[in-house]
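Heads up: the structure comes next, in structure tokens.
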Amino acid sequence: MPVLKTMHRLYVARELLEFSVAFYEAIQDLRCERRLSFEPMGIEVAVVGSFILLAGSDEALAPVRHIQAALVVDALDAYAQRLRELGATFLGETHENAAGRHMTVRHPDGLVVEYFEPVKSAAA
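Heads up: the sequence shown at position 30 corresponds to 30 in full-length UniProt numbering, and the numbers run straight through without jumps.
This is the structure:
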């Protein structure tokens, strides 16, 4: 049940997204691997290495700004069980989309983390 990747969530104004993507590409010598648009929420997302950049207005970002990190895991249900045993608080239900399943959890020390299990490809 390993953590596959640890990611930092950064919140930026929409007009700074391209600058921020270029900066994080340059410091990690990587290209942006994924761009997502959540139009109904008014949020654009870019994934660059170990950073998730979320761009939007202050109002659009307010509902998600409390999430401080993301952990990509191979077995979300197993992590949910372990987190319950360790006293974590679940902030809402598990959600599923085309990319995978995710849940938001507050650790006992107050850190708020999104746990994400990507969709397994048919070849896996």
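We put the beta carbon where it would ideally sit given N, CA and C, even for glycine.
Between residue 132 and Val105, is the Cβ-Cβ spacing less than 7 Å? No answer is possible for residue 132: the residues shown for the chain start at 1 and end at 124.
Buried versus exposed, by CB contacts within 10 Å (16 or more), Ala123: Its pLDDT being 47, under 50, Ala123 is placed unreliably by the model, and nothing is read from it.
Backbone CA spacing between Leu10 and Ile43 [nearest angstrom]: 12 Å
Inter-residue Cα distance where the pair is Phe51 and Leu17: 12 Å
With Ala46 and Val21 assumed to form a contact (beta carbons below 8 Å), what rounded beta-carbon distance in angstroms separates them? 5 Å
Please report how far the alpha carbon of Glu85 lies from the alpha carbon of Met1, in whole angstroms. 15 Å
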